[in-house]
Each structure stands twice: as structure tokens, then as C-alpha cells.
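For the sequence shown, the positions run 5 to 286 when the working numbering is used. Every residue gets a Cβ at the ideal spot worked out from N, C-alpha and C, and that includes glycine. Keep in mind the model is a prediction, meaning the values are calculated, not measured. These notes are about the structure you will find just below.
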Amino acid sequence: MSEYYGIKVEDIFNSMKDRFRPEGAAGINHSFGYEIKNTGKWKLTVADGTMELETADDVSDCDVVLNTDGETFVGLSIGKVDAMSALTSRKLKIQGDFNTFGLTSRIFQKYMTPGQETRQEQELLTLKKTISVKQRFATGPVFGKFLKGLKDKKILAIKCPECGRLQTPPREACAICRVRNNEWVEVGPNGEMRMMEYCYYASPDPLTGETRETPYGAIGILLDGCKDEEVFWHLLNPEQLDRVKMGSVINGKVTHGSRLRPVWNENRTGSIEDIRYFEIDE
């Protein structure tokens with residue numbers, strides 16, 4: 005039998021029993037056919053955390069069938085050949101659902117060449133440390149004033165002198181009128197729920213690498229004193245994701261959402277995290 009990358013096709017199949025992962029096969033009940041050109045056919049049956057492999061004359065009754073040549077099959081098994089590249093070049097054909105065949109990556113450990121499995125894996129050492137760079141970045145006088153207000157449990161907005169729109173967090177110029185803003189208004193701190201996005205991305209902190217638990221709610225709050233689209237974005241108490249009601253204004257008809265209040269950190273430092281999150285004002 006021919007060798008590819010120093011490995012025979014039969015070596016891959018003969019090792020399947022030892023590489024089988026019952027925990028990875030849990031809940032999988034499928035039959036997989038392998039048709040290797042000029043080599044042979046194999047039928048793999050996985051059911052209830054067990055496997056059975058046998059040579060076969062016909063694999064057309066399997067749920068999904070892989071058809072390829074020996075070199076491509078061995079290359080796929082040891083990571084030398086990319087599956088998508090093999091598919092586009094027509095060196096690999098899948099009869100049935102491609103995603104179903106992809107389940108085999110859960111069922112079997114990666115094939116290791118003889119002697120490779122005895123090599124000791126290199127230990128990975130990690131050191132968790134907050135990066136400290138000897139630089140300071142100014143927030144500017146406008147946003148800086150907003151952050152200082154949070155230390156005193158105040159939410160400040162800035163008002164456009166032309167359209168009267170309130171912006172919080174504030175910005176130096178109105179994005180619509182393109183004129184400088186200079187009038188400050190205290191709003192909230194309570195408000196009305198207007199919109200929410202369920203977030204499933206963990207959002208790692210770039211400095212610490214820590215991530216928040218998912219899902220979490222990114223919410224738009226219409227703070228008292230604001231109107232229309234002047235919402236303030238923050239987080240919702242994760243225990244109340246399914247308890248809040250969103251408000252809206254459609255064709256002049258107002259539907260009020262849940263009343264919310266901020267939960268302040270005890271030790272406030274002048275950052276957006278001075279507000280831990282908003283919760284229902286009960």
C-alpha cells in the first residue's frame with residue numbers, strides 16, 4: 005500500500021479505535037462512509053457514545069460519504085491539507101451534509117505519527133499583569149467634565165445652541181448642526197428603557213484581558229430631561245434581561261418602557277464604570 009507523508013491510509017483507520025473520544029461522540033448518531041480511490045471503502049458507525057468501524061463494499065447507505073484519494077485523505081488527517089482548499093480543487097467530495105462530516109473532529113483525537121505521541125507537550129506559562137505604559141491621554145475638557153460629574157453621581161449632557169439637542173456623553177460640537185456646544189445640563193440619573201441589544205460577545209478588556217459574562221444587555225436609556233433619540237447607552241443588570249420592557253414612539257403614540265435607575269460604584273474614580281449598570285426602578 006502506498007505511503008503519503010510517510011503514512012499509509014490504513015494507519016489512519018487502524019488508529020481510530022485508540023483515538024476515539026466517547027465524550028465527544030455523546031449525542032451523535034450517524035454513519036460515515038469513506039471511499040478512498042484505489043485503496044478501499046470503510047464504514048464508521050457512531051451511536052450513543054460508541055463507534056464501530058468496518059471495511060465495506062458499498063457505503064452509499066451512509067448518512068454522509070467522503071470521497072477522495074489517499075494523499076488528500078492522509079493530508080487532511082495530519083493537518084497538511086486544508087479541507088476547504090481540497091473541496092474547491094475537487095480533490096475532496098462530500099456526499100451529504102458537510103457539517104455532519106465535520107463532527108468527526110469532535111469524535112477523534114488528531115492522528116499522531118509513531119513516536120510523536122510520546123513527545124512531551126511544552127508547558128505554557130502565563131503571567132496575568134495589567135499593562136502599565138508611562139503615558140497619559142487627556143480626555144479633553146468636555147468629556148473630562150462629564151467624567152468628573154460621575155464622581156458626584158451626576159450625569160451631565162451638553163446642549164446644542166441651534167437645534168437644542170442634548171448629547172450624553174457630551175461632545176464639543178453638534179454632529180448635525182456642526183457648531184460648538186457650550187451649555188451644560190444635568191439629566192437623569194433615572195430614565196426610561198428605550199432599546200436593548202442582547203450581546204453574546206465577551207468583550208475582553210484590552211488592559212487586563214478579563215471578559216464579562218454573556219449574554220449581557222447593552223441598553224439605550226432616555227434619561228429624565230432628554231427627549232426623542234437622546235438616549236444614553238450603558239449596561240443593564242444581567243439578572244433583569246428578561247424583565248425589562250422597552251418603550252417607543254410610533255406615529256405620535258407613546259409606549260412607555262421600564263423605569264430604570266443607575267447603580268453607582270461605592271468608590272468612584274471618574275470613569276464610565278462609576279455606574280455599574282442600570283436596574284429596574286421598583
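Extent of the continuous alpha helix (DSSP H) to which residue i belongs
i, result
"residue 87", "87-92"
"residue 145", "145-155"
"residue 112", "Where residue 112 is concerned, there is no enclosing alpha helix (DSSP H), given that its DSSP letter is neither H nor E."
"residue 80", "74-82"
"residue 104", "102-105"
Own chain partners of residue i with C-beta closer than 6 angstroms, once the 5 adjacent residues on each side are dropped
i, result
"residue 40", "13, 74, 77"
"residue 29", "50, 53, 111"
"residue 99", "69"
"residue 8", "74, 75, 78"
"residue 183", "166"
"residue 148", "none"
"residue 58", "47"
"residue 202", "219"
"residue 248", "197, 262"
Beta-carbon contacts of residue i that lie in its chain and below 8 angstroms, excluding the five residues immediately before and after
i, result
"residue 87", "80, 96"
"residue 187", "162, 163, 165"
"residue 190", "153, 158, 159, 160, 161, 229"
"residue 123", "Low per-residue confidence applies at residue 123: pLDDT is 49, beneath 50, and the placement is therefore not dependable, though the value from the model is reported in the following sentence. There are no such residues."
"residue 92", "none"
"residue 63", "37, 38, 39, 45, 46, 47, 69"
"residue 270", "none"
"residue 180", "164, 167, 169"
C-beta contact flag for residue i and residue j at 9 angstroms
i, j, result
"residue 245", "residue 195", "no"
"residue 55", "residue 24", "yes"
"residue 60", "residue 37", "yes"
"residue 129", "residue 34", "no"
"residue 224", "residue 242", "no"
"residue 82", "residue 117", "yes"
"residue 265", "residue 193", "yes"
"residue 263", "residue 232", "no"
"residue 22", "residue 67", "no"
Residue i, buried or exposed, once every other Cβ within 10 Å from all chains shown has been counted against 16
i, result
"residue 230", "buried"
"residue 278", "buried"
"residue 168", "exposed"
"residue 185", "buried"
"residue 139", "exposed"
"residue 131", "exposed"
"residue 26", "exposed"
"residue 287", "Here the chain has residues from 5 to 286 only, and residue 287 is not among them."
"residue 208", "exposed"
"residue 172", "buried"
"residue 258", "exposed"
"residue 11", "buried"
"residue 16", "buried"
Own chain residues within Cβ distance below 7 angstroms of residue i, not counting five before or after
i, result
"residue 274", "151, 152, 154, 155"
"residue 250", "197, 198, 199, 200, 261"
"residue 1", "Absent from the structure is residue 1, since the part of the chain shown begins at 5 and ends at 286."
"residue 206", "215, 216, 218"
"residue 177", "183, 184, 185"
"residue 272", "154, 155, 278"
"residue 281", "238, 239, 240, 241, 267"
"residue 252", "259"
"residue 283", "241, 244, 264, 265, 267"
"residue 6", "74"
Start and end residues, beta strand (DSSP E) containing residue i
i, result
"residue 160", "159-163"
"residue 187", "187-191"
"residue 17", "Taken as a continuous stretch (DSSP letters only), residue 17 belongs to no beta strand (DSSP E), being part of the alpha helix (DSSP H) at 13-18."
"residue 97", "96-99"
"residue 287", "No answer is possible for residue 287: it lies beyond the span of the chain, which begins at 5 and ends at 286."
"residue 45", "44-51"
"residue 9", "Here residue 9 belongs to no beta strand (DSSP E), and DSSP marks it neither H nor E."
Closer than 8 angstroms: residue i CB and nearest the ligand SAM heavy atom
i, result
"residue 37", "You won't find the ligand SAM in this model; it holds no ligand whatsoever."
Closer than 8 angstroms is the cut-off here; do at least three beta carbon pairs connect the stretch 142-152 with the stretch 61-71? The stretch 61-71 and the stretch 142-152 do not touch, with fewer than three beta-carbon pairs separated by less than 8 angstroms.
Stretch pair the stretch 231-238 + the stretch 99-116: three plus CB contacts closer than 8 angstroms: Short answer: they don't touch.
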